[in-house]
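The numbering of the sequence shown is my numbering, which starts it at 275 and goes up by one. Glycine included, C-beta positions come from ideal geometry on N, C-alpha and C. Bear in mind that the values here come from a model prediction, so they are computed numbers and not experimental data. To start, the structure itself, in structure tokens.
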Amino acid sequence: MSNIAQLEKELATTRRLLADKETVFDNILDSTLAGYWDWYIQDEYEYMSPTFKKMFGYEDHEIENHPDSWQRMIHPDDLSYVFEVYNKHVSSKGEYPYDNEVRYYHKDGSIVWVYCRGKVIEWDEEGNPVRMVGCHVDITKLKEAEQTEIYARELEKRNKELQQFAYVASHDLQEPLMTIKSFVELVENEFSHQLEEEVQMYLKYISTSAKRMSSLVRDLLEYSRLGKDRTKLEIDLAEIIRDVITDLKTNIEATQATIHYEKNLPTLEVYLTEMRLLFQNLISNAIKFRHPGVAPQIQITVEEQEKQWLFQISDNGIGIAPEHRERIFVIFQRLHNKSEYEGTGIGLAQCAKIVDLHDGKIWVDSTVGQGSTFSFTLPK
Ligand code: ADP
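Here's what the structure looks like:
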């Protein structure tokens, strides 16, 4: 074979190998969804791979291969940072890594977080950069997960602070309240004969308000303590209901209430005191919010569902209008004044917190004048 023929053969082989390598390279980029860029700095030309453009929602032909293109798509706050890193990379002759996490705008207006790594691979004789190549990886999902985690941690911290605040405030408020109550009593007892009727009436108001505030504060304290420093135990829920019914015996007898519940209730891992309080609040409300002169009929059912247990407590009481069905679960929210029905409005807020502590959900369905069904779920 002549020399020329030999050279031509070698050239063909080299070309084939090169083409093969390019295909492999393109396939790698395609399958990793990484974007590749190749910047001829002094010529103001920059090749951007179709995957680079696809990351931001564009077809290859929609974006010109020019550095201005990405500089227009990048978040303006991050552009100056990119140049800062670039300048450090160039002035350190490539020692300082060109590495950054930046935001780009997607065609649809959303933010795409990109991890970008690059390197100057060619310099001119004066030491100026000639060519730089790099890769882009979409890290939006990672960033979102990170943000959610930061948010959840922040929320947990705030929640703890709030719990702490509620605990301290309610604990410390009890003392001045006690002082008010005892001084009012003292004035009433010691000076009652010297006081005008009007003044006595005012003292009564003060005393009633102080008592009410004291029970609100006590409730708040109890509420803030729910689930605190306790551990879950395996408990037969039928046992809890039996105990609650025993505790409410006087009330049940006085109102001639009947309570039906399934004897085969599940045994679940729960906070004992809290679970008892949950049933106690729901059953005592079912008794309390009855029609005057009508014996309460209460039905407690449980249904095993795929991933959870559904508990329902139904009554034949006064019912709740649709517009109030969410706010009744908020602390101290009541629909009646205390002369109609006793209470501070903490019961359902406790229920909501307890169900939440067990990762369940609580809601109410009701027909005004006919009764209500409180439902809650506990995961399996
Ligand atoms: P409280 O019982 O101290 O008023 P709750 O938080 O237990 O506080 O209940 C909030 C409000 O929800 C009650 O004031 C009442 O208006 C309404 N409610 C609760 N349970 C029932 C029920 N079973 N039937 C009708 N209304 C109810």
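Asked, Found
"Considering residue 363, what are the terminal residues of the alpha helix (DSSP H) in which it resides?", "350–365"
"Nearest-angstrom Cα distance between residue 367 and residue 377?", "26 Å"
"CB-CB under 6 Å to residue 599, same chain, minus the five flanking residues each way: which ones, in chain order?", "638"
"What is the rounded straight-line gap between the Cα of residue 646 and the Cα of residue 589?", "6 Å"
"Checking 8 Å against the spacing of the C-beta atoms, do residue 632 and residue 592 come in under that value?", "no"
"Just reading off the beta strand (DSSP E) that residue 571 is part of, what are its end residues?", "571–578"
"Cα-Cα, which of 514, 533, 437 and 485 is closest to residue 497?", "437"
"Cβ of residue 563 within 7 Å of any heavy atom in the ligand ADP?", "yes"
"Fully enclosed by the segment 377–421, which beta strand (DSSP E) runs are 3 residues long or longer?", "385–397 and 403–412"
"Could you check if residue 534 belongs to the surroundings of the ligand ADP, using beta carbon to heavy atom distance under 7 Å?", "no"
"Just mark residue 294 as buried or exposed, buried being the case when its beta carbon has 16 or more other beta carbons within 10 Å.", "exposed"
"What three-state label does DSSP hand residue 650 in the structure shown?", "strand"
"Which value, in whole angstroms, describes the spacing of the CA atoms of residue 545 and residue 353?", "53 Å"
"Tell me where the beta strand (DSSP E) around residue 321 begins and ends.", "319–322"
"Report the option in 560, 333, 277 and 338 whose CA atom is closest to the CA atom of residue 648.", "560"
"For the alpha helix (DSSP H) containing residue 554, list its first residue and its last residue.", "546–562"
"Quick check on the burial criterion: 16 or more other C-beta atoms within 10 angstroms. Buried or exposed for residue 636?", "buried"
"Judging by CA-CA distance, which residue of 587, 398, 341 and 350 is the nearest neighbour of residue 570?", "587"
"Where does residue 278 land, buried or exposed, given buried means 16+ other C-beta within 10 angstroms?", "exposed"
"Look at the Cβ atom of residue 624, then the Cβ atom of residue 500, and state whether they are nearer than 8 Å.", "yes"
"CB-CB under 8 Å to residue 395, same chain, minus the five flanking residues each way: which ones, in chain order?", "405, 406 and 407"
"Ignoring anything shorter than 3 residues or poking outside the segment 501–535, list the beta strand (DSSP E) runs there in chain order.", "507–510 and 532–535"
"Using 8 Å for Cβ pairs, my map puts residue 533 next to residue 519. What's the rounded Cβ distance?", "6 Å"
"Which of the three DSSP states is assigned to residue 314 in this structure?", "strand"
"Would you decide whether residue 329 is buried or exposed? Buried here means 16 or more other CB atoms lie within 10 Å of its CB.", "buried"
"Out of 311, 355 and 360, point me to the one whose CA is closest to residue 340's CA.", "311"
"Among the candidates 473, 461 and 456, whose CA atom is the shortest distance from the CA of residue 485?", "456"
"Looking only at C-alpha atoms, which of 463, 445, 466 and 309 sits nearest to residue 488?", "445"
"Considering residue 639, what are the terminal residues of the beta strand (DSSP E) in which it resides?", "636–641"
"Taking just the CA atoms, how far does residue 554 sit from residue 524?", "14 Å"
"Just to confirm, is the Cβ distance from residue 543 to residue 490 under 8 Å?", "no"
"Quick check: residue 557 and residue 522, are their CB atoms within less than 8 Å of each other?", "yes"
"Between residue 384 and residue 418, what straight-line distance do the alpha-carbon atoms span, to the nearest angstrom?", "12 Å"
"Quick check on the burial criterion: 16 or more other C-beta atoms within 10 angstroms. Buried or exposed for residue 535?", "buried"
"Return yes when at least one heavy atom of the ligand ADP lies under 7 Å from the C-beta of residue 486, else no.", "no"
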